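Okay, structure first, notes after.
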Amino acid sequence: MSLQHFAKPQWLTFDCYGTLIQWDEGLLEYVRQLLRQKGIAHREADFIRVYDNYEHDLEQQSAYMSFRQVSAQALRRTLADLDASYEPDDGEAFVARIGRMPPFPEVVETLGWLKQQGFKLCIVSNTDDDIIAGNVAQLAGHVDRVITAQQAQAYKPDPRLFDFAHASLGVQRSQVLHICASPHLDLVAARDMGFHCIWIDRGTQRVAPADYQPDAVLPRLDGLRQLFASLGWTRDQGVTQ
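Residue numbers (the numbering used here): 66 to 306.
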């Protein structure tokens, strides 16, 4: 797909963690602290790989579980695989840490600029309402709507979450532009459902699906300024940085 013949959308939807909020950085900080406490500080890479697999498997189970439940179960199973003990406080500390993860440095200013250009902004995220609230509070009030897996009772890449989001916003798939950092969740959904998508590839070594090409690939969120200006979507055409 291409954005050249795509009319300026009223709504922009965003993945939250990794796109707006520093997920990898926050997760690594928590993991380092946790594994030091467990006496296995050298297993960071193993932890993240195993936890990621458990989390996504649990999210795709037929019976919906809250993200708080998913993360606790994934954490318990990961620590067991690494021969470390799990305490209930470990799970609570993790979800509390998620809500404190800060935005990337360019995010708040870019969201404010997008609002000035007349866009409405919505987050679509695989989380619970109470967990993401702390992150949204750091975005200076620029986000108009937050739609979560908890509300839809489904996790990406399940189309039910995006269908719920589009219905809630009153848009068709062809009328919304999604902006994300997650290839295996958001890009897969965009490929399968046929909605327009920009990939924010922050150099994390994640790889887009081999059979899908996003509408655009940018290294940071503020790259939207130049892209949208080139498409004629901006009110201040001279702003290209």
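Virtual Cβ for every residue (Gly too), placed ideally from N, Cα, C.
Just so you know, these numbers come straight off a predicted model, no measurement behind them.
Straight-line Cα distance separating residue j from residue i
i, j, result
"cysteine 81", "histidine 231", "17 angstroms"
"glycine 91", "proline 279", "26 angstroms"
"proline 222", "alanine 149", "31 angstroms"
"asparagine 118", "leucine 140", "11 angstroms"
"glycine 288", "glycine 104", "42 angstroms"
"alanine 72", "glycine 259", "16 angstroms"
"proline 248", "alanine 255", "10 angstroms"
"valine 241", "proline 74", "6 angstroms"
"tyrosine 151", "isoleucine 196", "21 angstroms"
"serine 233", "leucine 226", "11 angstroms"
"histidine 243", "glutamate 109", "32 angstroms"
"valine 253", "glutamine 218", "19 angstroms"
"serine 127", "threonine 299", "43 angstroms"
"histidine 70", "tyrosine 95", "44 angstroms"
"aspartate 154", "leucine 99", "11 angstroms"
"glycine 235", "leucine 93", "37 angstroms"
"isoleucine 163", "glutamine 237", "31 angstroms"
"glutamate 171", "arginine 290", "12 angstroms"
"alanine 205", "glutamine 182", "16 angstroms"
"serine 239", "tyrosine 116", "35 angstroms"
"leucine 250", "valine 173", "24 angstroms"
"alanine 198", "alanine 106", "30 angstroms"
"arginine 133", "glutamine 215", "10 angstroms"
"alanine 145", "isoleucine 113", "14 angstroms"
"glutamate 120", "glutamine 138", "8 angstroms"
Beta-carbon proximity list for residue i, same chain, < 8 angstroms, skipping 5 on both sides
i, result
"alanine 281", "Leu68, Ile263, Trp264 and Leu292"
"lysine 180", "Leu186 and His207"
"glycine 297", "Lys73"
"proline 224", "Ala254, Asp257 and Met258"
"tyrosine 277", "Leu252, Val253, Ala255 and Arg256"
Own chain residues within Cβ distance below 7 angstroms of residue i, not counting five before or after
i, result
"methionine 166", "Ile86, Gln87, Trp88, Gly91 and Asn200"
"glycine 124", "According to the sequence provided, residue 124 is glutamate. The question's glycine does not apply to it. Excluding residues within five positions, the ones whose Cβ falls inside 7 angstroms are Val135, Asn191 and Tyr220."
"aspartate 209", "Lys185, Leu186 and Cys187"
"aspartate 111", "Leu147"
"glutamine 203", "Pro167 and Pro168"
Neighbourhood of residue i by C-beta distance below 6 angstroms, restricted to the same chain and skipping five residues each side
i, result
"valine 189", "Thr78, Ile212 and Ala230"
"valine 177", "It should be pointed out that residue 177 corresponds to glycine in this sequence rather than to valine. Answer for glycine 177: His207, listed in chain order."
Integer Cβ distance of residue i from residue j, believed to fall under 8 angstroms
i, j, result
"aspartate 193", "serine 131", "5 angstroms"
"leucine 286", "phenylalanine 169", "7 angstroms"
"alanine 28", "threonine 84", "Because the chain here runs from 66 to 306, residue 28 falls outside it and cannot be looked at."
| message | Check whether the stretch 264-273 and the stretch 153-162 touch, using three or more Cβ-Cβ pairs below 8 angstroms as the test. | response | no
| request: Write down every uninterrupted run of the beta strand (DSSP E) in the stretch 210-244 whose length is 3 residues or greater and which is fully enclosed by it, in chain order. | output: 210-213
| message | Which complete alpha helix (DSSP H) runs does the stretch 128-155 hold, if anything under 4 residues is left out? | response | 132-146
| What are the uninterrupted segments assigned as beta strand (DSSP E) that are 3 or more residues long and contained completely in the stretch 249-279, given in chain order? | 261-265
| query | Hey, which unbroken runs of the alpha helix (DSSP H) at 4 residues or more fall wholly within the stretch 156-219? | reply | 172-181, 194-201 and 214-217
| request: Report the residue ranges of all alpha helix (DSSP H) runs contained in full by the stretch 74-103; include only those spanning at least 4 residues, in chain order. | output: Every unbroken stretch of the alpha helix (DSSP H) spanning 4 or more residues and falling wholly within the stretch 74-103 is given here in chain order: 88-103.
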